[in-house]
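Visitor: So in the numbering used here, spot 11 of the sequence shown is number 11, and the numbers just go up one at a time.
Glycine residues also receive a C-beta, built at the ideal position from the N, C-alpha and C atoms.
Remember, it's a predicted structure, so these values are computed and weren't measured experimentally.
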Amino acid sequence: MLDERKATILRAVVTEYIETAQPVGSSHVATSPEVNVSSATVRNAMASLETEGYLHQPHTSAGRVPTEKGYRFFVDQLGGPGRLGASDSQQVRTFFARTHGEIEQMLADTTRLLSSLTRYAAVVVGPPHEVATVRSVQLVGLTHRVALAVIVLSNGALEKHTIELDLDADEFVVGAAATRLAAASVGRTLAEVGSLTPQVLGVSQGSEAAVDRVLVAAVEALGGDHRHEEQVFIGGTSEMAAAFDAVGTVSEILRILEQQLLVVNLLEDVLGRGLSVAIGRETGNEALADCSLVVAPYVVDGEPAGTIGVLGPTRMHYDQALSAVAVVATRLGRRLSEG
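1. Excluding sequence positions up to five away, which residues of its chain have a Cβ less than 8 Å from the Cβ of Arg-112?
2. Does the beta-carbon distance from Leu-55 to Thr-67 come in below 8 Å?
3. Where do the N-terminal and C-terminal ends of the alpha helix (DSSP H) with Ala-12 fall, by residue?
4. Quick check: Val-23 and Gly-63, are their CB atoms within less than 8 Å of each other?
5. Who are Pro-66's beta bridge partners in DSSP?
6. Give me the residue from Asn-44, Leu-261, Ser-238, Val-263 with the minimum Cα distance to Ser-251.
7. Which complete beta strand (DSSP E) runs does the segment 99–180 hold, if anything under 3 residues is left out?
8. Would you check if the distance between the CB atom of Leu-148 and the CB atom of Phe-233 is smaller than 8 Å?
9. Quickly, what does DSSP pair Ala-278 with across the bridge? List them, please.
10. Counting beta carbon pairs with one atom in the segment 289–308 and one in the segment 264–278, are three or more of them shorter than 8 Å?
11. Span of the alpha helix (DSSP H) holding Pro-198?
12. Mind checking whether Ala-97 and Ile-163 have CB atoms under 8 Å apart?
13. May I ask you to list the residues that DSSP assigns as paired with Glu-268?
14. Closer than 6 Å by C-beta to Val-75: which residues in its own chain qualify, once you throw out the five before and the five after it? Chain order, please.
15. Thinking C-beta only, is Ile-279 closer than 8 Å to Tyr-71?
16. When we look at the beta-carbon of Arg-227 and count the other beta-carbons within 10 Å, is it buried (16 or more) or exposed?
17. Quick one: what's got a C-beta closer than 7 Å to Gly-25's C-beta in the same chain, skipping five residues either side?
18. Measure the CB-CB distance between Arg-334 and Val-92 and report whether it falls below 8 Å.
19. What is the residue span of the beta strand (DSSP E) that Val-310 lies within?
20. Assuming Gly-306 and Gly-141 are in contact, meaning their beta carbons sit under 8 Å apart, how far apart are those beta carbons, in whole angstroms?
21. Are the Cβ atoms of Ile-18 and Val-42 separated by less than 8 Å?
22. Which same chain residues, not among the five before or five after Glu-102, have their C-beta less than 6 Å away from its C-beta?
23. Report yes if the C-beta distance between Leu-267 and Gly-202 is below 8 Å; otherwise report no.
24. Return the CA-CA distance between Leu-165 and Arg-135, expressed in angstroms with no decimal places.
25. Exposed or buried, which one is Asp-168 when buried takes at least 16 other CB atoms within 10 Å?
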């Protein structure tokens, strides 16, 4: 634990370095209103903080910069997300009031919103379909021999499946089949729908009734192998790249972001360790030693559905990033729950 004087000086160093990306000298820290001690006292405290591993001096004559330990102390002192600024809050409200359409487009748009709020790369991991249940289902006749099933899942996803029929079916037959399909499907996963027995569907063995045949064809189409890999949406990579001077660092980060499974595992690992912020090597990936990751889950209908996060330099504006991620996660979950 640091005493109050050292803690105040460390916060001042971290805050200044985040703003300027330049090593911070003791004389500059001494002018900070909250420090209120002499430059010599600040110099001694900063030397002590360096010895204890909170600060690092890149050159003998230079000021000091925060280490991962220094950033970790700073983030822990924040105590979690604060309030988002008024203009940013209005931007979030406007976005979710206007966003409509299929979930994939909504999640892609959400990454752009989050990147706009933070100026870092934003990641949204879509909810897995396997555990989602059917919220509603409709059948629409496209031709006499082709119908379209439109399913809304509990995670907010919209699924469409084309159904080829082995008979001519008019709108009345398709409508009757749709009513029975909805009654049997709502509240079940797609896998469970595909396993529905003729008895549950109300179909008699060997029945040749037109409605029964459309119903069976629809269930077979919904019960196919529709497993989805978790969808990863990434936005704002140009914003993130602008925060780094080293071209090699940017190239490596972009390479990582292109690997969807790696990104998913990265976010899940951080959350699994009980962290909302992973700093540098805390991410578990040596290539991200100069990066920090702020993450939060979003909840749909009371159940964890996916993850959002921002990736930026270790000198990121943590208070802004934490607030933006928390607010967007809450609003996204609420929007998906509403359907």
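Guide: Checking against the coordinates, here is how it stands:
1. Along the sequence shown, one-based indexing puts residue 112 at 112. Result list for Arg-112: Ala-122, Gly-235, Gly-236, in chain order.
2. By 1-based counting over the sequence shown, the position of residue 55 is 55. By 1-based counting over the sequence shown, the position of residue 67 is 67. A contact, by the Cβ cut-off of 8 Å.
3. Taking the first residue of the sequence shown as position 1, residue 12 is located at position 12. Its alpha helix (DSSP H) spans residues 4–20.
4. Taking the first residue of the sequence shown as position 1, residue 23 is located at position 23. Taking the first residue of the sequence shown as position 1, residue 63 is located at position 63. The sequence given here places Pro at residue 23; Val does not occur at that position. Against a cut-off of 8 Å, the Cβ pair of Gly-63 and Pro-23 comes out as a contact.
5. Here residue 66 refers to the residue found at position 66 of the sequence shown. Pro-66 pairs with Leu-55.
6. Translated into the one-based positions of the sequence shown, residue 251 becomes position 251. Looking at the Cα atoms, Ser-238 is the closest of the given residues.
7. As far as the segment 99–180 is concerned, its whole beta strand (DSSP E) runs of at least 3 residues are 121–125, 134–141, 146–153, 158–164.
8. For the purposes of this step, residue 148 is taken as residue 148 along the sequence shown, with counting starting at 1. For the purposes of this step, residue 233 is taken as residue 233 along the sequence shown, with counting starting at 1. Phe-233 is positioned such that its CB atom lies no closer than 8 Å to that of Leu-148.
9. Within the sequence shown, residue 278 is the residue found at index 278, counting from 1. According to DSSP, which records beta bridges pairwise, Ala-278 is partnered with Leu-293.
10. Contact between the segment 264–278 and the segment 289–308 is present: 3 or more CB-CB pairs across the two stretches fall below 8 Å.
11. On the sequence shown, residue 198 is found 198 positions in, with the first residue counted as 1. Start and end: 198–201.
12. Along the sequence shown, read from residue 1 onward, the residue named residue 97 stands at position 97. Along the sequence shown, read from residue 1 onward, the residue named residue 163 stands at position 163. No.
13. On the sequence shown, residue 268 is found 268 positions in, with the first residue counted as 1. In the DSSP secondary-structure assignment, Glu-268 is not bridged to any residue.
14. By one-based count along the sequence shown, residue 75 stands at place 75. These residues qualify, in order along the chain: Val-277, Tyr-318.
15. As a first step, residue 71 must be located in the sequence shown, where it is residue number 71. As a first step, residue 279 must be located in the sequence shown, where it is residue number 279. Cβ distance < 8 Å, so Tyr-71 and Ile-279 count as in contact.
16. What you label residue 227 is simply residue 227 of the sequence shown in a count that begins at 1. With a pLDDT of only 49 at Arg-227, under 50, the local geometry of the prediction cannot be trusted, and no value is derived from it.
17. In the sequence shown, counting from the first residue as 1, residue 25 sits at position 25. Gly-63.
18. For this step, residue 334 is matched to residue 334 along the sequence shown. For this step, residue 92 is matched to residue 92 along the sequence shown. For the pair Arg-334 and Val-92, the CB atoms are not nearer than the 8 Å cut-off.
19. Sequence index remark: in the sequence shown, residue 310 carries index 310 (1-based). Its beta strand (DSSP E) spans residues 303–313.
20. Taking the first residue of the sequence shown as position 1, residue 306 is located at position 306. Taking the first residue of the sequence shown as position 1, residue 141 is located at position 141. So it is not a contact: roughly 34 Å between Cβ atoms.
21. Here residue 18 is taken as the residue at index 18 of the sequence shown, counted from 1. Here residue 42 is taken as the residue at index 42 of the sequence shown, counted from 1. In this structure, Val-42 does not lie closer than 8 Å to Ile-18 by Cβ.
22. Stepping through the sequence shown from its first residue, residue 102 is reached at position 102. Shown here for Glu-102: same chain residues with a beta carbon closer than 6 Å to its own, the five before and five after excluded, namely Leu-158 in chain order.
23. By one-based count along the sequence shown, residue 267 stands at place 267. By one-based count along the sequence shown, residue 202 stands at place 202. In terms of Cβ geometry, Leu-267 and Gly-202 do not form a close pair [threshold 8 Å].
24. In the sequence shown, the residue the question calls residue 165 occupies position 165. In the sequence shown, the residue the question calls residue 135 occupies position 135. Cα atoms of Leu-165 and Arg-135: separation of roughly 24 Å, rounded to the nearest angstrom.
25. Your numbering for residue 168 matches position 168 in the sequence shown. The residue is exposed, with fewer than 16 neighbouring Cβ atoms inside 10 Å.
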